[in-house]
Structure formats: structure tokens, C-alpha cells
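Structure (C-alpha cells):
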């Protein structure tokens, strides 16, 4: 949540008229059923309704202008859960709505080694890392066995496919531009996995831009290269064809 708030504050600085909506990831979401994951994003759905972004007749008289910013695989899963929750509603948005998506340090398949690295990155004690890594390994293999028996795919595998859905959200289509921020130095989400997802999106017809930040670590591109990062965000939104950003949806 702290990281998301920092990004929201930065967006407010660069786009002072935009409304910031924050959807924090549930750390246990990977092991929850779909209905439980959808309940986590219901507050965001209600906020979108309050802002009249799910109505064919916006109060401002202007079609919505929305930039979606997903951080890491947690943000990608939040985005996918939000998409499913909105699909269960009869949402009709006005014509002319502008939307763009930024994928920061995501998406990528989940492996045990990458999962352990992601969950223990903040631990300073080697003992804590080993202890938590062992516990996570046990849960990971038990979950794998249960899903294999029940013939259920991994949630992140579903998400990877879902993110390339032509009608992911009420405001999106095959014309919705997307930007991938990633780095060769990311030890949690490998660059090759991001590039593969971007290549598939491009094959499907999405307008795709990519920016490799080189040595910066996972979700650290804005911290390590702030000028380059935020200029890329501003330029990306200008390419959408709008001088004003109405709403930013942060998913982490």
C-alpha cells in the first residue's frame, strides 16, 4: 500500500486534476478461489460507480479518460479480478472513452524460486528468509498437488491470458494502447517473460510500447530513473490523444 500511495502522489504531481484510485493486492490472493478474490476488489468497483465511470451518461458530459497502472504480478492479478467483477455487471460506458494501460514489472509466470524471492525480498535475516522460504515451499507444493488433482490451472496462467483479452475492461478494446516498463536487472519478473507477453499482445493487434530500464530492480524503475520514468508516462498518455487525464487506477 505504501508503494501504491507513492505512485499516486507522483501522479497527482504530474497530473494534478486526475483522481487517484488505489487497489492494494491481497498477499494471500494466489491461494484463494475466484469469488474470494473478487470480493477484495468490490470497494474499487463501488468507487468507480461513485465516480460515474460505469455509466453511459457521465455527469461531466465528457467520456471518461482513464490510465490503468498495474505494479508487479499482484497488480496484474488485481486488474484481472477487477475485470471479472465488472463483467458480472451490466456496464455500459459512453462512446469516446479513452483508456491506456501501463504494466510495471509484470506480467510473468510464477515459479517457486521467483515466489520465494518476491516474498522474502524485505527480510534482512538469513534465518527468516530460510524459514519463510521453507514454509512457502510447503504451501506451494501442496497447492500444486491440489490443483493437479482437481485439474485447475494456476491463477497467474489465467491472468496472463486474460490480460490480452480484447475486451478486458468496459473501456478497453484492441485499440487500447499499453506500455510495458521492465528491466533486465529484475530478479523477480524476468525480462524475457515480459517481452513474450508484449509480443503476444502485439500479435493480437494491441498498440504496444516497451521500455527496458536496464539494471533497475523489481518495481524500482521510477525510483532509480525518475525523470526517464515519468517523462515516459507523460509521453505515453499524450500518444493516447488527450491533454487531460481524468482518473488513474493504481493496482498493486
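Numbering (this note's numbering), first residue to last: 15 to 266.
Don't be surprised by glycine CBs; every beta carbon is placed ideally from N, CA and C.
Look up residue 3 in the DSSP assignment and say whether it is helix, strand or coil.
-> Here the chain comprises residues numbered 15 to 266, so residue 3 is not present and cannot be evaluated.
May I have the straight-line CA-CA distance separating residue 205 from residue 215, to the nearest angstrom?
-> Answer to the nearest angstrom: the Cα atoms are 15 Å apart.
Who pairs with residue 225 in a beta bridge, going by DSSP?
-> 195
Residue interval of the alpha helix (DSSP H) (run including residue 98) = 86-101
Is residue 92 buried or exposed, if buried means 16 or more other CB atoms sit within 10 Å of its CB?
-> buried
Examine the ligand NAD and report whether any of its heavy atoms sits within less than 8 Å of the Cβ of residue 49.
-> No copy of the ligand NAD appears in this structure; indeed no ligand is present at all.
Among 86, 116, 104 and 209, nearest to residue 249 - alpha-carbon criterion = 116
How would you write the range of the alpha helix (DSSP H) that residue 58 sits in, first residue to last?
-> Run containing residue 58: 48-64, per the alpha helix (DSSP H) assignment.
So residue 122 is in the beta strand (DSSP E); what residue range does that whole segment cover?
-> No beta strand (DSSP E) holds residue 122; DSSP gives it neither H nor E.
Mind checking who residue 172 pairs with in its DSSP beta bridge?
-> None; residue 172 has no bridge partner.
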